[in-house]
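What follows is one structure encoded as structure tokens, with my remarks underneath.
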Amino acid sequence: MTDSVPVLTIDGPSGSGKGTISRIVAGRLGWLYLDSGALYRAVGVAAGWADLDLDDAGALVRCTFDTDIGFRETEAGDLRVLVNGHDATDELRTETAGAAASAIAAIPEVRAALKDRQRAFRRAPGLVADGRDMGTVIFPDATFKVFLTASAEERAERRYKQLKDKGVSVTIDGLLREILARDARDASRAVAPLRPAPDAVHIDTTGLPIEDVVVRVLDIVTHPAG
Ligand code: DC
Numbered sequence: 043m044t045d046s047v048p049v050l051t052i053d054g055p056s057g058s059g060k061g062t063i064s065r066i067v068a069g070r071l072g073w074l075y076l077d078s079g080a081l082y083r084a085v086g087v088a089a090g091w092a093d094l095d096l097d098d099a100g101a102l103v104r105c106t107f108d109t110d111i112g113f114r115e116t117e118a119g120d121l122r123v124l125v126n127g128h129d130a131t132d133e134l135r136t137e138t139a140g141a142a143a144s145a146i147a148a149i150p151e152v153r154a155a156l157k158d159r160q161r162a163f164r165r166a167p168g169l170v171a172d173g174r175d176m177g178t179v180i181f182p183d184a185t186f187k188v189f190l191t192a193s194a195e196e197r198a199e200r201r202y203k204q205l206k207d208k209g210v211s212v213t214i215d216g217l218l219r220e221i222l223a224r225d226a227r228d229a230s231r232a233v234a235p236l237r238p239a240p241d242a243v244h245i246d247t248t249g250l251p252i253e254d255v256v257v258r259v260l261d262i263v264t265h266p267a268g
């Protein structure tokens with residue numbers, strides 16, 4: 043009876059704070075955490091390793107079925123992602139992997155192939171699922187649904203800080219252009235476009251400290267309306 047396991051879906055565009063907020067909220071609730079974007083990124087990385095053409099939908103669908111994706115938590119509490127047994131966590135976060143994931147995510151058969159893998163994360167005592175279509179397609183019956191947004195400028199700035207801390211040299215303008223292009227692609231694709239579920243609570247995180255957003259999200263779970 044997995045359907046009785048509570049699910050909190052947190053959807054939104056990249057840079058809206060979904061990943062950070064979802065991880066913290068899952069930790070505080072003691073629930074499992076699904077980073078669904080990591081699945082698309084993992085297929086993107088595997089496709090890169092196999093030198094596949096991002097226009098070859100058939101090859102990418104086969105690659106999705108053939109790619110083994112595992113999650114492992116280190117003793118320090120870091121989540122590592124294993125692609126075909128190799129730790130690909132750092133490679134997954136690159137702009138190249140993100141762009142490949144976004145292209146791959148537009149293929150309906152890829153999305154269908156990843157559906158059951160995502161639903162398998164629904165286990166007691168509960169699941170926090172982060173992505174683009176968690177509340178609309180993967181867990182339409184979720185108990186709690188949140189849609190996070192932030193201005194494109196602030197999202198570019200957050201990404202700039204993250205990359206600068208890692209020593210990667212980029213410009214805010216370049217990142218802003220990439221974010222706007224990715225938003226447009228994710229929102230305009232035919233299958234599971236980025237769109238809030240009608241019953242999702244919207245939170246604009248522009249200018250909000252992380253802890254404020256965490257408190258608001260936890261409040262939705264602990265004091266549900268009606
Ligand atoms: O959240 P992210 O940046 O790691 O996601 C990478 C890409 O994967 C993103 O461009 C869109 C796609 N994605 C998706 O289509 N559906 C999801 N549930 C999660 C991610």
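The opening position of the sequence shown corresponds to residue 43 in this note's numbering, with each subsequent residue numbered one higher. Each residue gets a CB set at the ideal place from its N, CA and C atoms; glycine is no exception.
- Cα atoms of F189 and D95: separation of roughly 33 Å, rounded to the nearest angstrom.
- Counting only runs of 4 or more residues that sit fully inside the region 200-263, the alpha helix (DSSP H) segments are 214-230, in chain order.
- Residue pairing by DSSP places A171 opposite T51, L76 in a beta bridge.
- Between A80 and A89, the C-beta gap is not smaller than 9 Å, which leaves the two residues out of contact.
- In the structure shown, G57 falls within a coil segment according to DSSP collapsed to helix, strand and coil.
- Note on geometry: alpha-carbon atoms of R104 and S78 lie some 19 Å from one another.
- Secondary structure note for G112: its beta strand (DSSP E) is the uninterrupted segment 111-115.
- With distances taken between CA atoms, H244 lies nearest to I262 out of V233, P235, P251, I262.
- Assignment of L94 by DSSP, reduced to helix, strand and coil, places it in the coil class.
- Counting every other CB atom within 10 Å of its CB across the protein chains shown gives L50 a total of 16 or more, marking it as buried.
- Beta-bridge partners assigned by DSSP to V67: none are found.
- When Cβ pairs closer than 8 Å are counted between the two stretches, the region 160-172 is seen not to touch the region 219-229, the count staying below three.
- Straight through space, the alpha carbons of D45 and G140 are spaced by roughly 31 Å.
- A straight line joining the alpha-carbon of P55 with that of I63 spans about 13 Å.
- Look at D120 here: in three-state DSSP terms it is coil, with no helix or strand label.
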